[in-house]
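**Student:** Sharing a structure, written as structure tokens. Questions coming.
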């Protein structure tokens, strides 16, 4: 199974997408639902808690509806790839200043009091990088500790990306390529219709038919 993320892209007909959107819109763990910016047959659902996204993914998958883990419009890599609270990330970078006598276990216990920790990405003396399952936990700890004191030291907390820019780019491209495969029949149909309305000469249409069916024609000749 694909690695879970906080964002699902659901592909289907308008009736299916409307029902899914209706089912999800009032759930407290859903941050936002919107239509895909590139594909008319796709819906995007953003979750605060990655575990809830995974549960909904499994439910949708069980109905034979196409669904992918992806990134949201807020996570698309930019030239200046700044992360802040608006990006819906569960990872925070915590720096303790001016005191090296902080009890490691006690401080980690304090961090975990803000929410369940998914992964400790870095713990090295005065620096901690922690990902929470729920992005609201990341918001809580930032609000409670950033530029505040813990014991005798000052604390800095800032949001960082759950996934690096390379991983986000690869994930975005892969999902869009998969959706394009689903839309291929419709795209081909539109192209043929457009060409007919443009009064393309019969000879050109015949040549195009030959090219598109060359393998079948060769097989017939060999027989």
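Numbering (full-length UniProt numbering), first residue to last: 1 to 223.
Cβ coordinates follow ideal geometry from the N, Cα and C atoms, glycine included.
Nothing here was measured: the structure is a model prediction, and the numbers come from that model.
So, with DSSP's three-state summary, where would you put residue 6?
**Tutor:** coil
**Student:** What do you get for residue 131, buried or exposed, if any count of 16 or more other CB atoms within 10 angstroms of its CB means buried?
**Tutor:** buried
**Student:** Would residue 141 pass as an interface residue toward chain B - the criterion being a Cβ-Cβ separation below 8 Å?
**Tutor:** Absence of chain B from the displayed structure is noted, only one protein chain being present.
**Student:** Pull up the CB-CB distance for residue 2 and residue 69, whole angstroms please, since I reckon it's below 8 Å.
**Tutor:** 5 Å
**Student:** With DSSP run on the structure shown, which of helix, strand or coil describes residue 146?
**Tutor:** Three-state DSSP puts residue 146 in coil, outside helix and strand.
**Student:** Following the continuous beta strand (DSSP E) through residue 69, name the residue where it begins and the one where it ends.
**Tutor:** 66 to 70
**Student:** Under 8 Å Cβ to Cβ from residue 121, same chain only, skipping five residues before and after it: list those, please.
**Tutor:** A distance below 8 Å between beta-carbons, with the five flanking residues on each side excluded, links residue 121 to the following residues of its chain, in chain order: 91, 129, 130 and 131.
**Student:** Taking only heavy atoms of the ligand NAP into account, decide whether any of them is closer than 7 Å to the Cβ of residue 173.
**Tutor:** Ligands in the displayed structure: none, and consequently the ligand NAP is not present.
**Student:** Assess contact between the stretch 77 to 86 and the stretch 16 to 29, defined as three or more Cβ pairs (one per stretch) separated by less than 8 Å. Is contact present?
**Tutor:** no
**Student:** If you reduce the DSSP assignment to three classes, tell me which class residue 173 lands in.
**Tutor:** If DSSP states are grouped into helix, strand and coil, residue 173 belongs with the helices.
**Student:** Please classify residue 127: is it buried, with 16 or more other beta-carbons within 10 angstroms of its beta-carbon, or exposed?
**Tutor:** So residue 127 counts as exposed.
**Student:** From the DSSP output, which residues share a beta bridge with residue 124?
**Tutor:** Partner(s): 127.
**Student:** Looking at the unbroken alpha helix (DSSP H) that takes in residue 24, where does it start and where does it end?
**Tutor:** 14 to 24
**Student:** Which residue's Cα is closest to the Cα of residue 159: 143, 170 and 148?
**Tutor:** 143
**Student:** Three-state secondary structure (DSSP) at residue 267?
**Tutor:** In the structure as shown, the chain starts at 1 and stops at 223, and residue 267 therefore has no counterpart that could be examined.
**Student:** Output the distance between the C-alpha atoms of residue 98 and residue 32, rounded to the nearest integer angstrom.
**Tutor:** 40 Å
**Student:** Could you compute how far the alpha carbon of residue 135 sits from the alpha carbon of residue 89?
**Tutor:** 6 Å
**Student:** Alpha carbon to alpha carbon, what distance is there between residue 40 and residue 184?
**Tutor:** Per-residue confidence for residue 184 stands at a pLDDT of 36, beneath the threshold of 50, marking its modelled position as unreliable; the derived number appears in the next sentence. Rounded to whole angstroms, the gap between the alpha carbons of residue 184 and residue 40 is 13 Å.
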